[in-house]
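In the numbering used here, the protein residues as written are 74 to 516.
Cβ coordinates follow ideal geometry from the N, Cα and C atoms, glycine included.
None of these values were measured; they are calculated from a predicted model.
Structure first, commentary second.
Here it is in structure tokens:
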């Protein structure tokens with residue numbers, strides 16, 4: 074989080090002149106955001122324009138509507154990137170993490186998508202991802218699929234439908250997102266999880282499918298007022314504990330609570346500490362904060378005149394004064410061992426965590442243990458990219474802090490040659506014959 078302190082000070086040390094600096098000047102003088110120096114960010118949304126007070130409070134940006142496919146491409150092949158540019162550029166200029174919201178969602182999808190055939194639908198979905206990733210390469214997080222249970226995409230059958238996993242269309246979406254945005258951390262997002270154990274268990278099933286393939290880096294829970302306002306702290310903790318068992322960082326992605334001043338204050342005091350201090354929660358993002366600019370009445374924290382409601386005054390003091398440990402989507406150091414060999418001494422493999430390449434090794438022809446220590450978390454893959462004919466790389470296992478994950482037990486392997494194609498079989502193999510990767514699950 075050091076960048077969130079460095080960049081604003083650097084940028085505002087420059088005189089606010091010229092068009093290029095207009096956006097920075099609008100943000101006002103330098104401020105320490107509520108979560109500055111904390112292991113978790115406390116973010117908010119940006120809609121069409123940047124609120125003048127944004128960096129008084131928040132140190133992460135999510136676009137409210139401008140990143141949704143229906144907003145970007147309401148007319149086929151006519152892309153409206155302007156509002157998304159505003160949010161992304163503001164985040165980059167201030168050193169704030171940026172989360173794209175969202176690629177695949179059954180609501181706010183383009184109206185024209187339903188008139189296309191299946192192959193065209195799949196092409197258009199992937200094109201949107203590809204164009205986004207080319208334009209915004211420094212995106213740190215992406216809500217790849219939003220509300221898969223509550224509002225699944227109408228075109229999901231074109232992406233594989235239920236398939237063998239029951240959720241093949243989601244697997245396809247994450248595979249394409251990983252391909253086109255390889256450095257971003259990929260998230261799933263859904264509402265009603267924090268208060269509904271039955272829905273939570275179904276959600277965890279999807280997470281586990283993605284985790285087994287090394288495709289998911291975090292799991293989002295929306296935490297809107299309709300789930301939060303009357304929720305008990307005990308129920309919330311039980312559901313957070315259960316979701317944390319999936320072994321991927323939790324992102325509280327769309328938090329709001331309603332009520333008159335005293336009611337809203339009491340709700341934040343009852344529930345926010347359990348979110349902020351939970352060890353499984355990586356980060357928290359609120360869904361609006363200014364009166365008249367939130368999606369539901371009485372969820373605002375700042376009035377139109379700029380004065381703060383009691384819940385905001387309490388939140389500022391609580392976040393700034395409460396010491397929390399752990400958290401974040403990095404975590405504690407992990408000792409990773411990759412045991413592998415090549416067949417000619419020319420092969421190399423790259424370990425990726427959360428889409429980030431962390432180490433490349435040129436392999437010996439004898440089985441050797443290659444080690445690295447890292448605090449990164451997310452999906453892990455071992456990637457082979459210098460293909461030749463024949464059996465090229467044999468991977469025995471990947472271990473994390475001594476816990477061994479055998480290569481032949483993993484179900485995601487796009488480099489094995491099976492059924493006449495690269496990655497064309499079950500995936501369960503310790504061989505990488507083709508350019509491809511073995512997924513070893515989340516770290």
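- Cβ contact annotation for residue 509 (same chain, cutoff 8 Å, sequence separation greater than five): 456, 457, 486, 487, 488, 489, 495, 496, in chain order.
- C-alpha of residue 233 to C-alpha of residue 126: approximately 44 Å in a straight line.
- Boundaries of the beta strand (DSSP E) harbouring residue 412: 407 to 415, taken from the DSSP string.
- Beta bridge pairing from DSSP links residue 215 with 173, 259.
- Within the same chain, Cβ atoms closer than 8 Å to the Cβ of residue 238 are found at 244, 282, the five residues on either side in sequence being excluded.
- Closest in C-alpha terms to residue 351, from the list 306, 384, 143, 514, comes 306.
- Separation of the CB atoms of residue 323 and residue 369 is rounded to 23 Å, and the pair is thereby denied contact status at 8 Å.
- Between residue 170 and residue 214, the beta carbon gap of about 7 Å places them in contact (Cβ cut-off 8 Å).
- In this structure the region 129 to 137 touches the region 353 to 362; the number of beta carbon pairs closer than 8 Å is three or more.
- A contact between stretches requires three or more CB pairs, one per stretch, nearer than 8 Å, and the region 144 to 161 meets this requirement with the region 118 to 125.
- Three or more beta-carbon pairs drawn from the region 468 to 482 and the region 497 to 508 are found closer than 8 Å, and the two stretches are therefore classed as touching.
- With 16 or more neighbouring CB atoms inside 10 Å of its own CB, residue 216 falls in the buried class.
- Comparing C-alpha distances from residue 287 to each of 382, 177, 247, 499 shows the shortest one belongs to 247.
- In the pairwise beta carbon analysis, the region 260 to 267 is classified as touching the region 307 to 323: at least three pairs are separated by under 8 Å.
- If the five residues before and after residue 343 are omitted, its C-beta is found closer than 7 Å to the C-beta atoms of 306, all from its own chain and listed in chain order.
- In the DSSP assignment, residue 478 falls within the beta strand (DSSP E) that extends over 476 to 479.
- A direct Cα-Cα distance of roughly 17 Å separates residue 356 from residue 330.
- Judged by their CB atoms, residue 438 and residue 416 are nearer to each other than the 8 Å cut-off.
- Per DSSP, the continuous beta strand (DSSP E) segment holding residue 324 begins and ends at 323 to 328.
- Relative to the Cα of residue 453, the nearest Cα in the group 325, 321, 198, 108 belongs to 321.
- Between residue 514 and residue 250, the C-beta spacing is not below 8 Å.
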